[in-house]
Amino acid sequence: MTVSAQAVIMAFEPEGIEVPLSAILPVKQLPASIKTSRKYVQIAASIAEVGIIEPPVVARGADGSGVFLLVDGYIRIEILKDLGASSVTCLVAIDDEAFTYNKRISRLATVQEHKMILRAVERGVSEERIAKALDVNVENIRMKRKLLDGICPEVAELLKDKHCPLNTFHALRKMKAMRQVEAVELMIAMNNYTVPYAEALLAATSAADLVSPAKKKEIKGLSAEQVERMQSEMASLQRKVKLIEGSYGPDQLKLVVACRYIETLLGNPKLSRYLTHHHRDILKEFQQIVDVTIRQPVSAHAEELEDA
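Going by the working numbering, the first residue of the sequence shown is number 863, and it counts up by one from there.
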């Protein structure tokens, strides 16, 4: 059996072009408050320091008048106007849809940001210039540069594409390597990387699994017995998570196959009519199963990937 090759259609013209700002037509209006937002200030500082890194995306007007529709890069264009620029290099999209740029975004993860800062410093860029380009305190850059100090390689690999607050790493750093891995596996299973959750895992860590047991702080409002019970429950939870991880994939596949079969049955007019007249309660349950497992995302992780 042969598979016919499909041509891959380019989404952009091969070369970027210099477009006058006066010829770029925005299709939506930015709110007046945008110029006071943190995002606007950071992008403005970056453009002023190093210029445009990600070119705006435009689409050619259908009338061929030389006007371009702005697809992505509204804030960048607004900042360039404020800086007195007259033109900008743009990517020219074949299609004028804006869904991809707003929905299919791969945001920079914390570990990836750390590696980029390290690489920039290794190439001779000073921490001060990086801080100026990002409009942040230089201490913030130093913290990110030292992000993985005290973090074991396995944890760095597990978190390489996750969005974790800096203080989550601070809590992990107080644990020994094996406990770090256990804690991060729980974070991933719960899809929770917040500082309070990391600190709760730290509190539930036995002294033997801490880098400095003598520095273990007592938790206000909890007795030693309550802390011990919490540690026991956390260990039990970890065992349950491991068991679920082993069967999650096959169970999910069986669920999807079964639900597709139910969906096919409900698509049969005669069967659907019979259930409506004689077993309305069963029909309702079938419809709820289909709605929850098929018409909505099957996994919370799928939603996370879509939003990333």
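C-beta: ideal position from N, C-alpha, C; glycine also.
Bear in mind that the values here come from a model prediction, so they are computed numbers and not experimental data.
Residue range of the beta strand (DSSP E) that includes residue i
i	result
Glu880	Ile879 to Pro882
Ala993	Premise fails: Ala993 lies in the alpha helix (DSSP H), Glu989 to Leu996, not in any beta strand (DSSP E).
Val1043	Where Val1043 is concerned, there is no enclosing beta strand (DSSP E), although the alpha helix (DSSP H) it sits in stretches over Ala1039 to Met1052.
Ile951	Just to set this straight, residue 951 is Thr in the shown sequence, not Ile. Looking at the DSSP string, the run of the beta strand (DSSP E) that includes Thr951 is Ser949 to Ala955.
Val920	Val919 to Arg922
Asp944	Where Asp944 is concerned, there is no enclosing beta strand (DSSP E), although the alpha helix (DSSP H) it sits in stretches over Tyr936 to Asp944.
Ile886	Ile886 to Pro888
Beta carbon of residue i nearer than 8 Å to that of residue j
i	j	result
Leu942	Val950	yes
Ile1050	Phe1031	no
Val1017	Leu1034	yes
Lys1006	Glu975	yes
Lys973	Leu1048	This sequence places Val at residue 973; Lys is not what is there. Not a contact, by the Cβ cut-off of 8 Å.
Lys1036	Leu1064	yes
Leu996	Ser908	yes
Ile956	Ala873	yes
Alpha helix (DSSP H) segment containing residue i, residue limits
i	result
Phe1031	Leu1028 to Leu1034
Ile1144	Arg1142 to Val1152
Pro1015	Pro1015 to Leu1020
Arg900	Arg900 to Val912
Ala1062	Val1057 to Ala1065
Lys977	Thr972 to Glu984
C-alpha distance - residue i paired with residue j, whole-angstrom precision
i	j	result
Asn1054	Ala1066	16 Å
Tyr1136	Asp1153	20 Å
Val1160	Leu945	With a pLDDT of 42 at Val1160, under the threshold of 50, the modelled position of this residue cannot be trusted, and the question is left open.
Phe1148	Glu984	59 Å
Arg1101	Glu1107	10 Å
Ser1068	Gln1088	13 Å
Lys1132	His1139	11 Å
Lys1008	Pro1015	14 Å
Glu1168	Leu1117	Because the pLDDT at Glu1168 is just 34, under 50, the model does not fix this residue reliably, and the value given afterwards should be weighed accordingly. Going from the Cα of Glu1168 to the Cα of Leu1117 covers about 21 Å.
Ala869	Arg1004	47 Å
Gln1042	Ala1097	14 Å
Pro917	Glu1125	45 Å
Tyr902	Ile992	17 Å
Glu959	Ala1076	58 Å
Gly913	Val933	20 Å
Pro1123	Ile1151	For the sequence presented, residue 1123 should be read as Tyr rather than Pro. Straight-line Cα distance between these residues: approximately 11 Å.
Met978	Thr898	28 Å
Ile879	Ser927	16 Å
Ile1144	Gly1111	27 Å
Gln904	Lys890	22 Å
Met1052	Arg1091	20 Å
Leu1105	Cys1026	26 Å
Glu1165	Ala1120	Residue placement at Glu1165 cannot be trusted, given a pLDDT of 39 that sits under 50; the coordinates are not used to answer.
Val1046	Glu911	37 Å
Rounded Cβ spacing between residue i and residue j (contact assumed at less than 8 Å)
i	j	result
Ala947	Leu931	So it is not a contact: roughly 19 Å between Cβ atoms.
Val929	Leu887	5 Å
Lys1038	Leu1010	The Cβ separation is near 16 Å, so there is no contact.
Glu989	Val998	Their Cβ separation, rounded to whole angstroms, is 11 Å, which puts Glu989 and Val998 out of contact at 8 Å.
Tyr936	Leu970	20 Å between Cβ atoms; not a contact.
Val987	Cys952	Incorrect: roughly 26 Å between the Cβ atoms, too far for contact.
Cβ of residue i within 8 Å of any chain B Cβ
i	result
Val1057	Of the protein chains in the structure, only one exists, and it is not chain B.
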